[in-house]
Structures are given as C-alpha cells and as structure tokens.
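J.:
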Amino acid sequence: MSDSTAKLSIRVNGVPHQLDVDPDMPLLWVLRDVLGLTGTKYGCGQALCGACTVHVDGQVVRSCCTPVRRAEGREVLTIEGLSEDGSHPLQRAWLELGVPQCGFCQAGQIMTAAALLRKHPRPSLEQVEQSMAGNLCRCGTYTRIRAAVQRAAALAAEGSGNNGSKVSS
Amino acid sequence: MSDSLLSRRVPRRGFLLGLQLALGSAVLPLEAFGAPAAGTGKVKKLKRVAGSGPGFSPNVFLHLAADGTLTVVCHRSEMGQGVRSSLPVLLADELGADRSRMHIVQADGDAVYGDQNTDGSSSVRGHYDQLRTLAATARTVLVRVGARQLGVKPSECSAQDHEVRHPPSGRKVSFASLALLAEKEPLPPPEQVQLRPHAELRHRISADGLGEHLPLHDGPAYVMGKAVFGADVRRPGMLTAVIARPPVVGGQVLGFDEAAARQVRGVRHVVALPQPKAPYVFQPWGGVAVVADDTWAAQRGREALNVRWEAGPNQSYDSNRYRETLLSSVRAPGKALRKVGDAEAALAKAARRIEAEYYVPHLPHAPMEPAVAVAEVHGNRCEVWAPTQNPQAARKEAARVLGVPEENVDVHVTFLGGGFGRKSKADFVAEAVWLARELKVPVRVQWTREDDLQHDYYNTVSQQRMVAGLDGNGKLLAWHQRSAFPPIGTVFGGEPRPSEGDFQQGVLDVALDVPNVLCEACEAPAHVRIGWLRSVYNIFHAFSTNCFIDEIATARGADCRDVMLEVLGPARKITSTAELGVEQLRNYGASLDEHPVDVGRLRKVIERVTELSSWSTRARDGRALGLAAHRSFLSYVAVVVSVVQAPNGKLRVDEAWVALDAGRIINRDRVRAQMEGSVIFGMSLALYGSMTMTAGVTDQKNFRDLRLVRMADAPRAIHVDIQQSSELSGGVGEPGVPPVAPAIANAVFARTGQRVRELPLSTLFTV
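Respectively, the protein sequence lines represent chains A and B.
Under our numbering, the first residue of the first sequence carries the number 1, and numbering increases by one thereafter.
Under our numbering, the first residue of the second sequence carries the number 1, and numbering increases by one thereafter.
#1: Roughly how far, in whole angstroms, is the beta-carbon of B:Gln446 from the beta-carbon of B:Thr295, given that I think they are within contact range, below 8 Å?
#2: Kindly indicate which residue of A:Leu28, A:Gly43, A:Arg118 has the alpha-carbon position closest to the one of B:Gly417.
#3: Please classify A:Lys41 as buried or exposed, where buried requires at least 16 other C-beta atoms within 10 Å of its C-beta.
#4: Can you tell which of B:Leu728, B:Leu685, B:Tyr358 has its C-alpha closest to the C-alpha of B:Ser762?
#5: So for A:Arg92, helix, strand or coil by DSSP?
#6: Please list the partners that B:Trp296 has in chain A, where partner means a Cβ-to-Cβ separation under 9 Å.
#7: Compute the Euclidean distance between the alpha carbons of B:Leu764 and B:Gly622, then round it to the nearest angstrom.
#8: Determine the direct distance from the alpha carbon of B:His198 to that of B:Leu64, and round the result to whole angstroms.
#9: Counting only Cβ pairs nearer than 7 Å, list the residues of chain B close to A:Arg138.
#10: Suppose you measure from the CA of B:Asp427 to the CA of B:Thr698; what does that come to, to the nearest Å?
#11: According to DSSP, simplified to helix, strand and coil, what is B:Gly301?
#12: Please name the residue, chosen from B:Ala511, B:Leu580, B:Leu470, that lies closest to B:Lys349 on a Cα-to-Cα basis.
#13: Which of the three DSSP states, helix, strand or coil, is assigned to B:Thr71?
#14: Restricting to runs no shorter than 3 residues, where is the beta strand (DSSP E) found entirely within the stretch 356 to 405 of chain B?
#15: Please name the residue, chosen from A:Glu75, A:Asp22, A:Pro121, A:His88, that lies closest to A:Ala107 on a Cα-to-Cα basis.
#16: A:Met111 CB to nearest chain B CB: under 7 Å?
#17: Should B:Gly255 go down as buried or exposed, given a rule of 16 or more other Cβ atoms within 10 Å for buried?
#18: Distance, Cα to Cα, A:Leu155 vs B:Ala590?
#19: Any idea what DSSP makes of A:Asp57, helix, strand or coil?
#20: Looking at the structure shown, is B:Arg668 part of a helix, part of a strand, or coil, going by DSSP?
#21: Does DSSP classify B:Arg529 as helix, strand or coil?
#22: Quick check on this structure: which residue in B:Pro715, B:Glu383, B:Asp452, B:Val145 has the alpha carbon closest to the alpha carbon of B:Ala176?
#23: Would you list the one or two residues that DSSP bridges to B:Thr763?
#24: Looking only at its chain, what residues have a beta carbon closer than 6 Å to the beta carbon of B:Val639, apart from the 5 residues adjacent to it on each side?
#25: Please give me, in chain order, every unbroken run of the beta strand (DSSP E) with length at least 3 that falls completely inside the stretch 208 to 294 of chain B.
#26: Would A:Gln170 count as contacting chain B if we go by Cβ distances under 7 Å?
#27: Does the beta carbon of B:Arg13 sit closer than 7 Å to a beta carbon anywhere in chain A?
#28: Using a Cβ-Cβ cutoff of less than 6 Å, which residues in the same chain neighbour B:Val73 once the five nearest sequence positions on both sides are dropped?
#29: Does A:Cys44 come within less than 7 Å of chain B when only Cβ atoms are used?
#30: So, with DSSP's three-state summary, where would you put B:His410?
#31: Does B:Ala227 pass the burial test, meaning 16 or more other C-beta atoms within 10 Å, or should it be called exposed?
#32: Which residues does DSSP list as the beta-bridge partners of B:Ile718?
#33: Grouping DSSP H, G and I as helix and E and B as strand, with all else coil, what is A:Thr141?
#34: Compute the Euclidean distance between the alpha carbons of B:Pro279 and B:Gly506, then round it to the nearest angstrom.
#35: Entirely within the stretch 430 to 506 of chain B and at least 3 residues each: give me those beta strand (DSSP E) ranges in chain order.
#36: I'd like the span of the alpha helix (DSSP H) that includes A:Gln127, first residue to last.
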C-alpha cells in the first residue's frame, strides 16, 4: 500500500538486486516469487519449521518472518549459493548418508547446519541438536541428519574437495 | 536443471493416438503397455512415448535411443519413498542396461501407464512382475536383432551392460547400434519372453542377499535446492491464489469485504468459489479466493477479507464430547464382521475377563509442503502441475470441473514435499483449475500451513473396546473386539459405520489362535472430511490389539512376547477366509493364495526384533522396552522401543529396533529409510499428534499447537533389520508405522506402571 518508489538493495548469493517491493514482504517471498529462487521453501510462515532458512550476513534467519527491509544492504545466502556444484561438505555428506527422503525440508536443514559448522567446526551432539531444533522433517530423517552433520564436519576438516571459502562464507 | 522433473516430462499429447485401452479395470492387461496381446502374437505397438527421437520404443516405459541413451519412465509419484530410485532400476536390470546411461522421466497422469495412484504402499508390490515383463520383452527383441548381427543363435546370447553378448565366441554388439534395428522388429509373443532368474538381476546381488546399495537418484537435486516441487512451478503471467475456506465443513460464505482485499498492493482478483455439496469427494472446499501477483499479497488480501460465515450443522462438533458418542457406540453391539465359535458364550463362562477401551484421535498429514497446484486453461484444454500422489484422479477431477473429456487435461507430476495420503486427494488441483478457467490466467493455489491443518482430510477418530476371556490356566478362550470410527467412505457418501473393507486393516486379517472370536463394527457419523493417512486404520487397530496383548500378559504375569506368540499361534499360512471367520478379506488387493496371512513370517520378525533388542533384559538401567508387531500392506513388521524417564518425569524414546519382512525388495537403503521414517512418524502420532475440533473448527493452526517430533526427540539410534526373502513383495511405505505407537505405550507401562489407553501420550505424561 505504501507504493514507495524507493528501491531496496540486497545481494543474494553475491548478485546485487534492486527491488521494488513492499518492504514488509518477507524475504522468503522475495526470494521465491520475485527473484525466482525456489530452493528456499515455505513450510509454516511463522518460523516454526525451518524450511525457509537462509543466511543474512552469515546469520541463520527464518526468511518467512524476516521483512525484506531487514536484509537491505546485506548479503543473503540461499541453498542455491551454498556451492556451485554440490561440493559443500554438508551436501556431500548428505548424499553419502542418503539423508533426503522427500527432500522438501533439506535445504533449510543444510543451511542451518552450515551456520553451525561455521561457528563450531566440530560440533558436539548437543550443539547439533540445539542448532537444528527449529528444523522439522516430517519424513523423519533426523538420525541421518545428525550423522551427516558430524560427517560433514569430518569432511571439512579433511579439506578434500572443498576450497574452504564456502564453509566460511 | 536437467534433473528436474519438469524439464523431462513426457511429451504425451499426440503420442497416444490410436491406443485402445480397457479403461476402468483395476489391473490393465499388458497390451495396454504396448506389449503383445496375449496368445495372438499380434502386436499393438505404441508410438514413441518414453523418449523422443529415433530409437527403440517397445512400450510406454522404455526408449532406447540410437546413441544408447535409455529413457525410463517412472509412472509413480516421488514423495520421499524413493520410487524413482527403485522401479527404474528394476526395468534397467531386467533389460540388461548400463544404469549410468539411464535417464528417468516422470509420467504425466494417464491410464496408459496402468495404476498410478501412489498409495497403499503398492508401487513395488503392485508393479514388480508387470514392469519386468515389459523390460524382458524389450530385451528379447534386442537379443534377437543382436544375434542376427553377430550371425549366432539368440538362445546363445545374453544382454548385460548395454550389450548383447555371445559368450561362446566372446563377440558382442552394443545396445546403441541395435536401437534402430530393434525398432523395426516385431515384438515377441508372451510365450517367447522369459524373465531373468532373480539372482541375475544386478541390484539383487550382494553378499547378504539384501541387494546392492543403490544411489538416491534425486539426491543431488534435493541437496542443491534444484528439485522442482509443486510450489516451485512458475508459468508466464501466473498469479497466486490464497483461499479463505469455510472453517466448518458444510459452512457457507455470508459476506466479505472485497474492497479491503483489493486495496492490498498486488491483489488482482477476489472471487467467491462455488459451494460444494455433500458428498464432498475431491470438490473445491468453497470460500473466497484472493488472487495476486505474489503469495504475500494474496495472504494479506485474505486477511483483509473479513469473511462472515454461516457455520452450518457441523458447528455442533466437539471432538472431546464426540468421545462419549464413540464410547456409547462400542458399548452396544455392532455389526459382526468376524466370527469364530461363540465368543459371548465363552466370555460368560470364562474364569477371568479382561477389558480395555482404547482411543486414538483425529490425526493430521502435515506434509512439509502444504497442498499447492498450478493450472492453466486454454479454451477447452487444461494443463496442471501438481505434487499429486494420484495424477489420474487429478486429471479426472480437473475434467469434471471444466466439463471436458479427460483427454483434454494434461497433469504433470512434480516432486512431492511429502504426501502421506493427503496428496492423493485432488481438491487442491480442482481449486486451481476452477480459478484458472474463471480468471483466464495461469493460477497457482498455495495452501498455507493453517489451511493445511484446518482443512485436512483427517485420519479418522476411533474408539476400540476389547474383551478377553481366559480359562483357569490363563489360556485365551475368547477375543471380543468392537471398533467404531467414521470411515473414509463418508466423504464419498457411504455409511457412517466401518465396512468389511475398512476392517481388513488390522481386525479381520489378524491371526488369532483363539477358539472364540467376535469382531464388530460400530456406528460413527462423520463431522469432518475423513481421509487416508499413512497406514490408515491400521494405526488404531494395531494400537488396541498390541496394547491389549500386553495387558493380557500383565494380568497373567507372563511375558508380552510369549503371550503375543501364543495368541498368534503356530507358524502357518492362513489362506482361507473361513479360518479367519470372515466372509471376505480384501487383503490389500491380493489373493490369500498369493499373499496368505503368514503367521510364520510375523513370528520370525517378532523373534528377530526381540533378539536384537536384548528383550530378555528389557528393564534395566532405568529404561524399559515395549514390543508390538503387525502385518499390513502384505508385509510383516515388529518394533521394540526403549523408553527412559528423566528425573523430572519426562519420558523419551531413546532407541528403537525394527524387524521387517517385506518379501523381495529393490532398494535396501530406501527400505531402511522408510523404517526410520516410520518410527519418527509413529512417534509423532503417539506422543503429540492430535487434531481436535471445537464448534466444528479445528483447534490446531500451525506447528505451535501441533507438535511433531524434532531432532532432539528422535531416538539416538533406530536399528533396522530387513529379512532376506524371496517371497512376493509386500508394501514398505506404510507397514512400519502401526507397531510404533503400541510399542511406545507398552514401554511406557513397563517404565511407569501406568497403562496407556489413549493417544497422544502428551495428554497423560510429560513427553
């Protein structure tokens, strides 16, 4: 309703965007409906399920409840930007352990785990459970996610096939 | 992204002309797939469907291109069960293909593929031989033309690794070079087609007999955010609709503030939908749609609508009070559907009677992806993109809404962000189709989480009454069960009482080595839309039966496992309805000769799971084990869970063991994953899952008031043991769920001494 003509600037996966949108529009719908980045999912709209998880300046946010104005001038990282080719240690560990079932929540799970590994490169089980508590999986892949986060930590430590910059992005 | 379902959809239109099908039959004859008509040797050959370009197209599932690329159609919906990582492997291995040259496309909804309703845990068990026969037919042709090229006898050749080989001479010829020749070759009559021995199917080969570790075909697309789900479909000029639906079933719109909704930036249309009439089936739910440039605008427009509703007769529905209705129902005689001996007489003279009543509430589907569909209507034609479990039902419903023949509707199946039965209903597709026609633009209908929980086809609510009569030695003389629940049939206009077909799920098909048995179906009217949820009625029947066996064991001072084995009786294959004391048994669509009630197989998984979980030392170190077992969807599953209690009283499932016999399987890791997921799904419904209604309106609105298992609630380990089996395939997606809740309930009793006769546990305990 504001019909403000001022444009909003955000960077998503390194690409700058000038947006003419309602500044209260949640980041989720900007990503999905305006920018066409559909890897980030809608699951509840109330920050209860974690399917919409992205990073803003490296911090985990639930994009369904984050007005896009709060990302103004910041760097947004989505699943599409985590790696170019699926080589992030989490993505490799996820495939190695066959984590996904329907796959819908997995982008949010991986984005949450990516922020955890950046903060705690070798997280304890408690740290994993605490960090991942906001991410629901109705198919029930939790035991594999737990193992895959630890496996990714080991892969990242080995440094094999990973240029390092992705984990710290 | 080349891995998306959409970019590889089957070019259907125009390719099926001239095809004559026996539509409407439950199992299509093989000639429907382009295989030879039985006995005649005459071939009804389809035009290319599976792949485009020059090559060999023996049927609608396979296409071998001249460059050797093998296109395989997956006609069942992918919703996390891994069907795209299973059925195509079966086709490729029967053919003798190199799987790395296989390219999978997702079928549109079309009866040409046979049954596509991805439901009832039936993708492997229902299609195993049929798909193999199609691939074997194609292989027979390739071997014949290959042998001709090599100048040798076909009987001396084999097909492996994308080659036809002649072992005596060591010569070989590639599939690629045979594709165009094979296309000109007539298909062989069925008597000339032989399936490979099972041991020759590559995926079956492994040291432990459980088969190869197969990759997750769509894994890379999932972890990179590139898999296209229903909600991810974008069409040029597409608008997004969010709908305010009647909060009470049968309610009507009295009025709404259209102007306020239109003031929201981005809102383009405000449209009232037609009022549905009972029986509701898959009709749109009615209400008012706000259609906008984006989802956010549509949601805000809906908030501004301020719809005034006439709630209608179901506003009297209070699910807590309804428990009394169900209780009265099971405390009076119902319709006897299973009868052996004279249970009432035996109970009258029993030395000891044990009685218990069990309650399981309405349960939600709550797939992580709420319902969504995209539709585009051009004149009398329509295209749909949807995460549907049942693309043929979606096609039929779209055609009904538009008043056009089904042939005018194309339904493209996307990935499903979970299904669990919710997405086999076509209501959300019907909404999109109706709006797209009305507005003459492509429309995406997006359900919010609130819509999903408030307007579900809920798993039904049930009350069971169980009575057992024991003789002086504790031996079971009589088993009397009454079950009341509003059946799914009520959505289709059926009776408000369970039928034989409903009772097949865990009442009529339970092996009971008891001389007097009586099972009665009791009346229960429906006040909400009822639907099937992963394992359906088995959920509460397995709950009551397994909990009751534990109660009998406790009353006798005996071990639950021993009493369970005693009640089931000796290993035997029950192939007669008379032995079960029933007139008919649907048996998940299979004959009892093919799929008997095999007590030996159920006993074996019980023995296995109790061995793995060290059942004999079950109560120690502050934890307690609980056991349950159940046959459903023609598979046999036993579950043991360990329950621990924190000093503050909070109960927790810390470990689980599952033993499964599903007959022959294709993809062991996906089977394992389904069992792991079944434990979590079963835990959610056992511990927290409950949908309640006040004044006809569902109380739960989002994950704040519907709790589901989260990572910290999940067991530290879920051990899955798969029986190596050469039996016919059973189901996998559902049969793991039913034993989970009663195993937890029995473990909680073992730990706390308090009986659990209703779900969820959160109403009784801190969990």
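From the three backbone atoms N, C-alpha and C, an ideal C-beta is built for every residue, glycine too.
T.: According to the data block:
#1: In the second sequence, residue 446 of chain B corresponds to position 446, counting from 1. In the second sequence, residue 295 of chain B corresponds to position 295, counting from 1. With 8 Å as the limit, B:Gln446 and B:Thr295 qualify as a contact, their Cβ atoms being about 5 Å apart.
#2: Along the second sequence, read from residue 1 onward, the residue named residue 417 of chain B stands at position 417. Ranking the options by Cα distance to B:Gly417, first place goes to A:Gly43.
#3: Residue 41 of chain A sits at position 41 when you count from the first residue of the first sequence. The residue in question, A:Lys41, is buried, as its Cβ has 16 or more Cβ neighbours within 10 Å.
#4: The residue labelled residue 762 of chain B in the question sits at position 762 within the second sequence. The candidate whose alpha carbon is nearest that of B:Ser762 is B:Leu685.
#5: Within the first sequence, residue 92 of chain A is the residue found at index 92, counting from 1. Three-state result, A:Arg92: helix.
#6: Working through the second sequence from its first residue, we reach residue 296 of chain B at position 296. Result: Val21, Asp22, Asp24, Met25, Pro26, Leu28, Trp29, Val30, Asp33.
#7: To locate residue 764 of chain B, count along the second sequence from 1; it is residue 764. To locate residue 622 of chain B, count along the second sequence from 1; it is residue 622. Their Cα atoms are separated by approximately 20 Å.
#8: The sequence position of residue 64 of chain B within the second sequence is 64, counting from 1. The sequence position of residue 198 of chain B within the second sequence is 198, counting from 1. Taking the straight line joining both Cα atoms gives about 23 Å.
#9: Numbered from 1 along the first sequence, position 138 holds the residue referred to as residue 138 of chain A. Here the neighbours are Ala366, Pro367, Met368, Gly418, Leu708.
#10: Here residue 427 of chain B refers to the residue found at position 427 of the second sequence. Here residue 698 of chain B refers to the residue found at position 698 of the second sequence. In a straight line, the C-alpha of B:Asp427 is about 19 Å away from that of B:Thr698.
#11: On the second sequence, residue 301 of chain B is found 301 positions in, with the first residue counted as 1. Helix.
#12: Here residue 349 of chain B refers to the residue found at position 349 when the second sequence is read from its first residue. Of B:Ala511, B:Leu580, B:Leu470, the residue nearest in Cα terms is B:Leu470.
#13: The count along the second sequence starts at 1 and reaches residue 71 of chain B at position 71. Strand, per DSSP.
#14: 372 to 378, 381 to 386
#15: The sequence position of residue 107 of chain A within the first sequence is 107, counting from 1. The residue with the shortest Cα to Cα distance from A:Ala107 is A:His88.
#16: Translated into positions along the first sequence, residue 111 of chain A becomes position 111. Not an interface residue.
#17: Counting from 1 along the second sequence, the entry for residue 255 of chain B is found at position 255. B:Gly255 comes out exposed.
#18: In the first sequence, residue 155 of chain A corresponds to position 155, counting from 1. In the second sequence, residue 590 of chain B corresponds to position 590, counting from 1. About 48 Å.
#19: One-based indexing of the first sequence puts residue 57 of chain A at position 57. Three-state DSSP puts A:Asp57 in coil, outside helix and strand.
#20: For this step, residue 668 of chain B is matched to residue 668 along the second sequence. If DSSP states are grouped into helix, strand and coil, B:Arg668 belongs with the helices.
#21: Your numbering for residue 529 of chain B matches position 529 in the second sequence. Reduced to three states, the DSSP call for B:Arg529 is coil.
#22: Mapped onto the second sequence, residue 176 of chain B falls at position 176. Ranking B:Pro715, B:Glu383, B:Asp452, B:Val145 by Cα distance to B:Ala176 puts B:Val145 first.
#23: Taking the second sequence and counting its residues from 1, one reaches residue 763 of chain B at position 763. B:Thr763 is not bridged to any residue.
#24: Working through the second sequence from its first residue, we reach residue 639 of chain B at position 639. Excluding sequence neighbours, B:Val639 sits near Ala628, Val658, Pro739, Val740, Ala743.
#25: 239 to 244, 252 to 255, 267 to 272, 288 to 292
#26: Shown here, chain A extends from 1 to 169; a query on residue 170 of chain A therefore has no answer.
#27: Indexing the second sequence from 1 puts residue 13 of chain B at position 13. Caution applies to B:Arg13, whose pLDDT of 31 falls short of 50 and renders its modelled position unreliable; the value that the coordinates give is listed next. Not closer than 7 Å to any Cβ of chain A, the Cβ of B:Arg13 fails to qualify, so no.
#28: The residue labelled residue 73 of chain B in the question sits at position 73 within the second sequence. Excluding positions up to five away in sequence, the list reads Ala50, Phe61, Val105, Ala107.
#29: In the first sequence, residue 44 of chain A corresponds to position 44, counting from 1. Yes, its Cβ sits closer than 7 Å to a Cβ of chain B.
#30: Here residue 410 of chain B is taken as the residue at index 410 of the second sequence, counted from 1. It is Asp, not His, that sits at residue 410 of chain B in the sequence shown. Residue state, collapsed to three classes: strand.
#31: What you label residue 227 of chain B is simply residue 227 of the second sequence in a count that begins at 1. Buried.
#32: Looking up residue 718 of chain B in the second sequence gives position 718. Answer is B:Ala656, bridged to B:Ile718.
#33: Counting from 1 along the first sequence, the entry for residue 141 of chain A is found at position 141. Here A:Thr141 sits in coil by DSSP.
#34: Within the second sequence, the letter at position 279 stands for residue 279 of chain B. Within the second sequence, the letter at position 506 stands for residue 506 of chain B. Cα to Cα, the separation comes out at about 27 Å.
#35: 443 to 446, 462 to 470, 476 to 484
#36: As a position in the first sequence, residue 127 of chain A is number 127, starting the count at 1. A:Gln127 -> alpha helix (DSSP H) spans 125 to 132.
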